Structures are given as structure tokens and as C-alpha cells.
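K.L.:
My structure is below; once you've seen it, I'll send some questions.
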Amino acid sequence: MSTVAIVAIVVGALIVLAILVAVARRASRRREFAEVQSSAQHDDARHHRERAEERRTEAAVAEERAERAKVEAELDEERAERRERELDRS
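Residues in the sequence shown are numbered consecutively from 969, following the numbering used here.
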């Protein structure tokens, strides 16, 4: 083989090696990006669950307040009826 052929083979091998390294790096970056994206999506889902739980708690508190207001209104109505009966007797 001539020196030119050997140099051409070595250069060709180096080019192939450089291409393989570039492809491997690109695959590594894609894999890294996919992991980061997956983690971000999990964080997003966790955030939505936390907000849903907060809203459920707020709804439960609002229901309790509504029930309390209803009971207070019934008590006020009962007091009003009692007062009216007292006034009717007098």
C-alpha cells in the first residue's frame, strides 16, 4: 500500500470516529433532556395535586362555614318565633 492510501484510511477512520462521537453526544444530550423534561412533568403533576388538595381543604372549610351559618340562621329564626309568641301572649 502506498503512503497516500494509508493516510486516506487513517483520515477516513478519524472522520468515522468523529461522527460516532458526535452521534453519541447527541444521544446523551437527548437522554438528559428527556430526563429533565420528565422530572419537570412530574413536578408539574405534583404541583397540580397540591393545588387540588388545597382547594378541597378550602371547599371543606367553606362547607363548614355554610353549615354553621345555616344553623345560626335557624337559631335566629327560632328566637324570632319565640319572641313573637311572647309578644302575642302579652
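The C-beta atom is built at its ideal place from N, Cα and C for all residues, glycine as well. Predicted, not measured: the structure shown is a model, and the values here were computed from it.
Which of the three DSSP states is assigned to residue 996 in this structure?
P.N.:
The answer is helix: DSSP assigns residue 996 an H, G or I state.
K.L.:
Helix, strand or coil, according to DSSP, for residue 970 in the structure here?
P.N.:
Three-state result, residue 970: coil.
K.L.:
So what's residue 1058 in DSSP terms, helix, strand or just coil?
P.N.:
In the structure shown, residue 1058 sits in coil (DSSP, three-state: anything other than H, G, I, E or B).
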